[in-house]
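For the sequence shown, the working numbering assigns the number 1363 to the initial residue and increments by one for each residue that follows. Backbone N, C-alpha and C fix where the C-beta goes; we use that ideal spot for every residue, glycine too. No experiment lies behind these values; they were computed from the predicted model shown. To start, the structure itself, in structure tokens.
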Amino acid sequence: MKKLFFFFSFLLFPFFLQASVILKAPDSFVNGESYIFEYEAVGSSVDFPKIKQIDGFTVEDLGSSRSLQIINGNYDEKILKRFRIVPNKSFTIPPFVFKIDGKEIKSEEKKVSERKIQKTKSDNFDLTITPSKKQLYVGESLIVKLTFKYKRGLQITNLGFEPPHFENFWYKKIDNSNKRYEENGYNVQELDFLLFPQKSGVLHIKPLRVDVQMVDTNSSSNFTFFSSAPKLEKVYSNNLSFNVKALPSDVTLIGDFVLNASIDKDAINLGESINYRLEITGFGNFDDIEDFKLDIPNTTIYDNKAEVETNFKDNKYEGKYSKVFSIVPNTSLEIPPFELKFFNKEENKVKVLKSKSFKIKVNGEKQKEVVLQKPIEKEEKVLMEKEFPLVEKIKYFLFGALSVLLIFCLYIYVKLQKSKKKIKETSLSKLIKSSKDKLDLMKILIPYLKRDNELDNLIFECEKSNLEFKVLKKKILEKITQLNL
């Protein structure tokens, strides 16, 4: 009986071994970097779960690889599937359900924590960044040298340099700074970067990274039938700290500069142009020079784009700023000087440079007409007293009194005429206007019969006429006005 049990156990044991799920994932991650993990599933029929998110982080499928394995004459498939997330906090990979050979198998749960980057210590690799200075001013240049070493004889298939991001620094790679050489059994590669701090305070440069992909000759994994599995090694550098001082107020440039200005002619004809050239040379943060503008009344100015040439030479950032203005003046003028302010570190003071001013003569310009105003002569009026005899005075008095009397009489006459007209209108016309119908009108007009035949006919019309009342009233008023009743 025992022999039979061991016999069946021996037959079934390989099948229990075949169906499996293994999670391969690092225990920690670096903030901002990709975290890659993979599942290895073995079985004759394997269904992977759909993994979309882990702890709120989006999961990216990086693809899979397949291989066959034979155990006790049974063919099984091994599937390796890789995933990637970019976490910014510690997280947990939960268990997922895989369906293998008709059975549900759960993967393990794994907690992953964040770790701080430390410089890589290895006999095979070294990455170091070295600054030319650590005490400097805002806008002052410095060199950061990156040195990467790897041991000769390593089977490296690819080197991936993570592009640096120097936070709070303006930077660029110095051309022709890529140096390669051998030293003490190592291959050495150097790169130089030119940096300019953009703000004051304590500034930091985080560790840089180089990704080394190499052949792992010690690996026993069955990656392919023809080659060993590649191995990825991340090599980190040291970090850097700088003490950056602020420039004096209203100053953005630091270095030592020379300012020059020139013109191609100082006398032109009306409608012609002159070229005004502004040039700055020296060393310093040329990329921070603000664009110069020129504003002169009674001119047309064509503002050409400034040209900036820079070069790193003798550990100094040399440069040349040049700009040409084309000026078409309407009148003679003076080009004002430009001003350049910068901080000179060697002299420890702010220097102010001024360019020359230039006077330009315009031939044929329109002269302003000057009108000379003749002074107005003031006429002096002399009031002369004239003596009049007594008779003359009496005549003037009587004439004035008579004029006043005449005006008064005329006023009384006009007043009486208006009053008379108003009385007439009040006595008859007003009564006619106030009548409401033909019967009222006829009663008012009966006392005026036998004074005029036409008026009599109109009065009789009040009794028998088909004329409208308003029309009849209007005709009667016109007749009464004619008769002056």
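So, at 6 Å on beta carbons, what are the nonlocal neighbours of residue i in its own chain, with the 5 sequence-adjacent residues on each side left out?
| i | result |
| --- | --- |
| Ser1475 | Ser1390, Ser1452 |
| Leu1305 | The structure shown does not extend to residue 1305, since the chain is modelled only from 1363 through 1847, so no value can be given for it. |
| Arg1446 | Ser1396, Ile1398, Glu1422, Leu1424 |
| Leu1715 | Leu1621, Leu1702 |
| Tyr1543 | Val1550 |
| Glu1641 | Asn1622, Ser1684 |
| Ile1651 | Tyr1683 |
| Phe1523 | Val1572 |
| Phe1370 | With a pLDDT of 43 at Phe1370, under the threshold of 50, the modelled position of that residue is not reliable, and the figure given next carries that caveat. Contacts found: none. |
| Lys1721 | Glu1696 |
| Ser1382 | Val1404 |
How about residue i and residue j: do their beta carbons lie closer than 8 Å?
| i | j | result |
| --- | --- | --- |
| Val1404 | Thr1482 | no |
| Phe1528 | Ile1616 | no |
| Thr1509 | Val1550 | yes |
| Pro1525 | Val1506 | no |
| Ser1503 | Ala1623 | no |
| Ile1455 | Glu1471 | yes |
| Asp1409 | Phe1458 | no |
| Tyr1533 | Leu1556 | yes |
| Asp1463 | Ser1406 | yes |
| Glu1400 | Lys1386 | yes |
| Cys1771 | Lys1800 | no |
Closer than 7 Å by C-beta to residue i: which residues in its own chain qualify, once you throw out the five before and the five after it? Chain order, please.
| i | result |
| --- | --- |
| Pro1308 | Past the edges of the chain, shown from 1363 to 1847, lies residue 1308, and the structure says nothing about it. |
| Asn1600 | Lys1481, Thr1490, Ile1491, Pro1569 |
| Glu1830 | none |
| Asp1417 | Phe1453, Thr1454 |
Can you list, in chain order, the residues of its chain whose CB lies under 8 Å from that of residue i, leaving out five sequence neighbours each side?
| i | result |
| --- | --- |
| Leu1845 | Arg1813, Asp1814, Leu1817 |
| Asn1540 | Gln1551, Glu1552, Leu1553 |
| Thr1843 | Ser1791 |
| Val1613 | Lys1703, Phe1704, Phe1705, Val1712 |
| Ile1794 | Leu1803, Ile1806, Leu1807, Lys1835, Ile1838, Leu1839, Ile1842 |
| Asn1725 | Ala1629, Ile1630, Asn1631, Leu1632 |
| Leu1430 | Tyr1437, Asp1438, Glu1439, Lys1440 |
| Leu1847 | Lys1786, Leu1790, Tyr1810, Arg1813 |
| Asn1530 | Pro1559, Gln1560, Lys1561, Leu1565 |
| Ile1432 | Asp1438 |
Using only CA atoms, which one of the options lies nearest to residue i?
| i | options | result |
| --- | --- | --- |
| Leu1442 | Ile1384, Lys1511, Lys1800, Phe1458 | Ile1384 |
| Lys1723 | Asn1538, Leu1504, Asp1626 | Asp1626 |
| Phe1674 | Lys1795, Cys1771, Asp1649, Lys1805 | Asp1649 |
| Asp1485 | Glu1709, Gly1547, Ile1467, Ile1536 | Gly1547 |
| Thr1672 | Phe1720, Asn1647, Thr1662, Ile1663 | Asn1647 |
| Glu1727 | Asn1538, Asn1660, Asp1537, Tyr1775 | Asn1660 |
| Phe1654 | Phe1700, Gly1644, Tyr1679, Glu1696 | Phe1700 |
| Gly1644 | Tyr1683, Tyr1401, Ile1663 | Tyr1683 |
| Arg1428 | Arg1444, Cys1771, Val1459, Leu1767 | Arg1444 |
| Lys1678 | Glu1652, Arg1514, Phe1619, Pro1809 | Phe1619 |
| Asp1488 | Ile1663, Lys1513, Ser1796 | Lys1513 |
| Leu1521 | Lys1535, Ile1774, Gln1575 | Gln1575 |
| Ser1603 | Lys1496, Ser1426, Asp1665, Pro1698 | Lys1496 |
| Ile1536 | Asp1676, Lys1478, Pro1592, Ser1406 | Asp1676 |
| Met1796 | Leu1768, Lys1832, Lys1777 | Position check: residue 1796 holds Ser in this sequence, whereas Met was assumed. Out of Leu1768, Lys1832, Lys1777, Lys1832 has the C-alpha closest to the C-alpha of Ser1796. |
| Asn1692 | Ser1719, Lys1707, Ile1658, Pro1698 | Ile1658 |
| Thr1662 | Val1776, Ile1567, Ser1694, Gly1515 | Ser1694 |
| Lys1478 | Glu1545, Leu1778, Gly1394 | Gly1394 |
Do we get a CB-CB distance below 8 Å when we pair residue i with the residues of chain C?
| i | result |
| --- | --- |
| Arg1813 | The structure shown contains no chain C, having only a single protein chain. |
What beta strand (DSSP E) runs, 3 residues minimum, are completely inside the region 1393-1446?
1397-1405, 1422-1433
Three or more C-beta pairs below 8 Å linking the region 1561-1580 and the region 1605-1614:
yes
Every unbroken beta strand (DSSP E) within the region 1582-1669, with a cutoff of 3 residues, ordered by chain:
1592-1598, 1602-1607, 1617-1625, 1629-1631, 1636-1646, 1661-1665
Between the region 1620-1639 and the region 1677-1691, can you find at least three pairs of beta-carbon atoms closer than 8 Å?
yes
Can you give, in chain order, each stretch of the beta strand (DSSP E) that sits fully within the region 1454-1539 and has at least 3 residues?
1459-1462, 1465-1468, 1472-1476, 1487-1493, 1497-1499, 1504-1513, 1518-1523, 1531-1535
Uninterrupted alpha helix (DSSP H) stretches inside the region 1756-1819 (no shorter than 4 residues):
1792-1796, 1800-1807
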